[in-house]
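Just below is one structure, and these are the notes that go with it.
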Amino acid sequence: MNTIPPFLKSASLFFDFDSTLISGEAIDELAQIALVSAPDRGARVEKIRIITNAGMEGAMPIDESLRQRLDMLQVRAHMLAPLVARLQQQVSPSVQRNGAMLRAMRDQIWIISSGFHEWIDPVVAALGLRVDHVNANRLLANTDGILKLDPSSRCAMVGSKARAAAALGCAPPRIMIGDGMTDFEVFSQGACEYFAAWTESVVRPAVVSKADIIAPHFEGLLAALSECLA
Ligand SMILES: [Mg+2]
Numbered sequence: 110m111n112t113i114p115p116f117l118k119s120a121s122l123f124f125d126f127d128s129t130l131i132s133g134e135a136i137d138e139l140a141q142i143a144l145v146s147a148p149d150r151g152a153r154v155e156k157i158r159i160i161t162n163a164g165m166e167g168a169m170p171i172d173e174s175l176r177q178r179l180d181m182l183q184v185r186a187h188m189l190a191p192l193v194a195r196l197q198q199q200v201s202p203s204v205q206r207n208g209a210m211l212r213a214m215r216d217q218i219w220i221i222s223s224g225f226h227e228w229i230d231p232v233v234a235a236l237g238l239r240v241d242h243v244n245a246n247r248l249l250a251n252t253d254g255i256l257k258l259d260p261s262s263r264c265a266m267v268g269s270k271a272r273a274a275a276a277l278g279c280a281p282p283r284i285m286i287g288d289g290m291t292d293f294e295v296f297s298q299g300a301c302e303y304f305a306a307w308t309e310s311v312v313r314p315a316v317v318s319k320a321d322i323i324a325p326h327f328e329g330l331l332a333a334l335s336e337c338l339a
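So our numbering is basically just the index in the sequence shown, starting at one, shifted up by 109.
What follows is the structure, given as structure tokens:
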């Protein structure tokens, strides 16, 4: 199906990226690449995964979670192309299935992520969605070639996803769709009318318990929104 359902005609959909548009967490994937020759790779990948989860569940502030993980990874520019190639293979199954409808709605779809343009933009472009609708962070190279969080990044601070969503100036109804606590905050801070907990990849009980809508996949999201927005 590639026509926009009538109840969505005036809606704006704000999608999270990691564990939502794609099934994994990009920084966890980056860890697999960055630490490929580290002798204690397994232990470090696991530590990064734990920090990722702490950030997503709200147990650690998102800026702290991002900084700790980037510091542990020593990211360099040559790691980005293999990362993008991996992420292209991890588009969530229901996003893949409904690609034609998502493309038909591309002007109403925004991506709001605490991840990085450097790998989100190519994946979003390949899906046929609008790269100029991506709100995310940027990397900046130090003189030693190590990539760090660009301090002017838009989505790296506590509450910044909600601020980014509000700054888009979209008219209601606005729906935030994601798996993490920072996605719920877009709703709790008043920057959208509905929050849908996306559970296709991961179920975070702390987030699901706060959600108006549970979306196990894109079809489930549409079914729930057809009732809310009718
Ligand atoms: Mg996420």
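For each residue, glycine too, the CB sits at the ideal point set by N, CA and C.
What three-state label does DSSP hand residue i in the structure shown?
i    : result
R283 : strand
K96  : Lying outside 110 to 339, the shown extent of the chain, residue 96 is not represented and no answer is given.
I229 : helix
L122 : strand
A306 : strand
A234 : helix
I374 : Here the chain covers residues 110 to 339 and nothing more, so residue 374 does not appear.
A209 : helix
G224 : strand
A168 : coil
V193 : helix
A324 : strand
D200 : One point to set straight first is that residue 200 is Val, not Asp, in the sequence displayed. Of the three classes helix, strand and coil, the one that applies to V200 here is strand, per DSSP.
Please report the distance separating the alpha-carbon of residue i from that of residue j.
i    : j    : result
V240 : V204 : 17 Å
H242 : I218 : 7 Å
L196 : K118 : 30 Å
E173 : F304 : 24 Å
S343 : R185 : Since the displayed the chain opens at 110 and closes at 339, residue 343 lies outside it and no answer follows.
L211 : L238 : 8 Å
C337 : R206 : 23 Å
Q198 : I220 : 18 Å
V267 : E328 : 31 Å
G278 : E302 : 13 Å
M285 : P115 : 19 Å
A194 : S297 : 35 Å
A339 : A280 : 17 Å
Q183 : L249 : 12 Å
S233 : D216 : Looking at the sequence itself, residue 233 is Val, so the reference to Ser does not match. Spanning the two alpha carbons is a distance of roughly 13 Å.
Spatial neighbours of residue i within its chain, please: C-beta separation below 7 Å, excluding the five flanking residues on both sides.
i    : result
S223 : I171, L175, N246, C264, A265, K270 and T291
G167 : M290 and A315
A275 : A300
R150 : L144
P340 : The structure shown does not extend to residue 340, since the chain is modelled only from 110 to 339, so the question has no answer here.
L331 : P114
Who are the near neighbours of residue i in its chain, counting only those whose CB is closer than 8 Å to its CB and skipping five residues on each side?
i    : result
A135 : F126, D127, L192, L196, G224, F225, W228 and I229
V154 : D137, A140, Q141 and L144
M214 : I113, L117 and L122
G208 : L236 and G237
S132 : Q199, V200, S201, P202, E309 and S310
Return the chain-ordered list of same chain residues with a C-beta closer than 6 Å to the C-beta of residue i, the five sequence neighbours on each side being excluded.
i    : result
I311 : Note on residue identity: the sequence assigns Val, not Ile, to residue 311. The residues are S128 and D288.
F293 : F304, V316 and K319
R283 : S121, C301 and E302
A306 : V316, V317, A320 and I323
S335 : F116
M188 : I142 and A143
F124 : L130, I220 and I286
Is there contact here, the segment 141-152 with the segment 319-327, by at least three beta-carbon pairs under 8 Å?
-> At 8 Å Cβ cutoff, the stretches do not touch.
Do the segment 151-170 and the segment 252-264 meet, that is, are 3 or more Cβ pairs less than 8 Å apart?
-> Between the segment 151-170 and the segment 252-264, the count of C-beta pairs closer than 8 Å stays below three; the two stretches do not touch.
Should the segment 175-188 be regarded as contacting the segment 196-214, the criterion being three or more beta carbon pairs within less than 8 Å?
-> Inter-segment contact for the segment 175-188 and the segment 196-214 is absent: fewer than three beta-carbon pairs are separated by less than 8 Å.
Which runs of the beta strand (DSSP E), 3 residues or longer, sit entirely within the segment 237-291?
-> For the segment 237-291, whole beta strand (DSSP E) runs of length 3 or above, ordered along the chain, are 243-246, 248-250, 256-258 and 283-287.
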